[in-house]
Each structure stands twice: as C-alpha cells, then as structure tokens.
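Undergrad:
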Amino acid sequence: MYILSMAQTKYELRDLSGEVVIITGATSGIGKAAAYALVEAGCKVVLNARTEAKLKDLVNDLGSENAIYVAGDCSSPDLNRELVAAALAKFGKINAVIPNAGIGMYGSILDYSDDQISQMLRTNIDSTIHLIRAAVPAMIKTGFGDIVIVASVAGFHSAANQAVYSGTKHAQVGIAAALDRELREKGVRVALVCPAGVATEFAMGTGRTAGMEKLATYLKPEDVAHQIVHILQQPKTVRTFIWTLWSMNQQS
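Per our numbering, residue 390 is the first one in the sequence shown, and the count goes up by one each step.
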C-alpha cells in the first residue's frame with residue numbers, strides 16, 4: 390500500500406509577486422479594494438477609472454513603484470488599448486485583467502431613458518469585451534494569463550426592476566463561458582466573480598432606497614477583493630470558473 394506523506398499532500402498556492410494586473414473601475418468599491426489586496430499580494434497594478442484626481446490619490450497611496458493609471462472611459466476600445474500599452478511600457482507584461490467597471494440603475498424598463506440604457510450596456514458589456522480583446526494577445530504571447538470578470542448573482546437570478554442591469558450581467562456570464570472554451574488551450578484562464586449585494590456606492594445606485602441598516606448586511610468590497618486574489622493564486626494547472634459570494638444575512 391502506498392501512503393502519501395503530509396509533505397506530499399501540502400497544497401501550494403501561486404506566489405503573485407511581480408505579476409501585472411489591469412483593473413477597471415478602480416477608484417471605488419470592489420475595484421479599489423482589489424487594487425489594495427493585489428498590491429499587498431505583491432502585484433503591480435494598472436488602474437482605470439474616469440476621475441483622474443481619484444486615480445492619482447490611489448496611486449500615491451499604493452506607491453508609484455506598484456501602480457500606474459490611465460484615466461478615461463473604459464467602454465472605449467482605444468482606451469483599453471492605451472491601458473495595455475501603458476502596462477507593457479511600464480512593467481513589460483500583463484498577467485491578468487479584471488474587468489470590474491459596472492453601473493446599475495433600478496426601476497421599470499419603461500422609465501429608463503435611452504442614455505441610461507446605453508450607459509449600462511457600454512459600461513457593463515462593452516468595457517468587458519474591449520479590455521479582454523486588448524489584453525489577451527499579450528497573455529497568449531507569454532503562454533499564461535487570467536481573466537477575472539466581476540459580474541453579479543444577477544447574472545443568474547433576475548429580479549423585477551433590473552431588466553437591463555440583469556441582462557448585462559447575463560451577458561458577462563455568456564462572454565466568460567465562451568472565452569473559457571476559446572482561450573483555455575492558449576493558456577488563458579477565465580473566471581467569474583458573482584457577488585450578491587456589496588456595501589458600496591454602487592449598491593445605492595439610481596432607483597434604490599436601501600438604508601445604511603440594510604447595507605450593513607451586505608458583503609464588504611474586501612470580501613470580493615480577497616476572493617479575486619485567491620482565484621489568481623490557484624496553480625497554473627487548475628482552472629476555476631464561477632464563484633458566487635453571499636453574506637450570511639443574504640438570501641440565495
């Protein structure tokens with residue numbers, strides 16, 4: 390009989406030191422928490438959001454040796470190409486991308502303006518696609534990479550008054566499922582992080598009236614950020630796909 394020793398069964402997570410990660414929606418909520426968690430894990434981060442002043446403050450806090458930024462609209466193909474170029478110019482590689490930027494508005498589909506619908510589609514879907522398109526060639530060139538899409542449980546469980554938002558999250562799930570099959574043989578892993586309610590400014594988006602008491606029962610941005618780190622730390626021989634997160638007080 391062959392018995393494995395304890396030393397042989399020890400599970401080793403990957404060391405992320407020096408890995409380069411692009412994050413959109415980086416100045417608040419999950420994106421900001423992920424930036425801190427990834428730098429703490431040894432990563433270099435390339436950050437994107439619309440507000441340059443907030444990006445400057447975040448980079449100053451993280452350290453210019455650990456972080457750079459490109460401000461602008463992440464639904465733009467050109468902006469995403471600029472993000473990738475900045476990452477390669479500063480750090481020489483791209484190990485992972487986190488399409489995190491998102492926006493939600495809540496209410497009857499009859500009450501949305503054309504601009505509100507377009508904004509959700511651009512921010513939640515276009516930005517995801519364009520970041521991945523821009524970054525994947527660099528990952529394929531090195532033979533390995535990670536795409537971690539921040540979606541939502543709304544991508545599986547639709548609710549009234551969330552038709553457009555939930556639709557965009559279902560789209561992200563579909564994008565991830567297709568890319569998982571398409572990119573796997575090229576060494577690129579795809580994962581979905583799908584949290585329930587998270588206590589962020591986003592959770593108080595247009596049309597919501599949740600008070601602070603309810604927000605206290607939600608997940609914290611750090612809960613999701615550390616799950617992202619854990620996904621990236623998995624051995625290169627392991628691929629994961631869907632991660633859902635709920636607080637103990639939320640109904641699944």
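Here a beta-carbon is modelled for each residue, glycine too, at the ideal position from N, C-alpha and C.
Tell me which same chain residues have a C-beta within less than 6 Å of the C-beta of Asp-535, skipping the five on either side of it?
TA: Cβ neighbours of Asp-535 beyond the five flanking positions: Ala-485, Arg-578 and Leu-621.
Undergrad: Please work out which residues of its chain come closer than 8 Å, Cβ to Cβ, to Leu-477, disregarding the five sequence neighbours upstream and downstream, and give them in chain order.
TA: Taken in chain order, the residues that qualify are Ile-483 and Ala-527.
Undergrad: When DSSP builds the beta bridges, which residues end up paired with Gly-534?
TA: Val-577, per the DSSP bridge assignment.
Undergrad: For the beta strand (DSSP E) containing Tyr-458, list its first residue and its last residue.
TA: First-last of the beta strand (DSSP E) with Tyr-458: 456-460.
Undergrad: In whole angstroms, what is the alpha-carbon distance linking Arg-403 and Val-627?
TA: One C-alpha to the other measures close to 11 Å.
Undergrad: Looking at the structure shown, is Leu-436 part of a helix, part of a strand, or coil, going by DSSP?
TA: In the structure shown, Leu-436 sits in a strand (DSSP, three-state: E or B).
Undergrad: Using a Cβ-Cβ cut-off of 7 Å, state whether Arg-573 counts as contacting chain D.
TA: The structure shown contains no chain D; it is built from a single protein chain.
Undergrad: Check Leu-621 in the structure and name its three-state DSSP category.
TA: It is helical.
Undergrad: The alpha helix (DSSP H) spanning Val-553 covers which residue range?
TA: From DSSP, the alpha helix (DSSP H) with Val-553 extends over 552-572.
Undergrad: Which residues in the same chain as His-519 place their Cβ atom closer than 6 Å to its Cβ, once the five residues preceding and following it in sequence are excluded?
TA: The answer, listed in chain order, is Pro-466 and Asn-469.
Undergrad: Would you mind working out which of Ser-497, Thr-531 and Thr-606 sits nearest Val-642, comparing C-alpha positions?
TA: Only positions 390 to 641 of the chain appear in this structure, which leaves residue 642 out of reach.
Undergrad: Do Ser-541 and Ser-547 have their beta-carbon atoms positioned less than 7 Å apart in this structure?
TA: For Ser-547 and Ser-541, no; Cβs fall outside 7 Å.
Undergrad: Are Tyr-495 and Asn-437 close, meaning C-beta to C-beta below 7 Å?
TA: No. Outside cutoff.
Undergrad: In the DSSP assignment, find the alpha helix (DSSP H) that holds Val-409 and state where it starts and stops.
TA: Careful: Val-409 lies outside any alpha helix (DSSP H), inside the beta strand (DSSP E) at 409-413.
Undergrad: Using the Cα positions of Ser-507 and Ala-560, report the straight-line distance between them to the nearest angstrom.
TA: Rounded to whole angstroms, Ser-507 to Ala-560 spans 14 Å at the Cα level.
Undergrad: When DSSP builds the beta bridges, which residues end up paired with Val-582?
TA: Note: Val-582 sits in a beta bridge opposite Val-539 and Trp-632.
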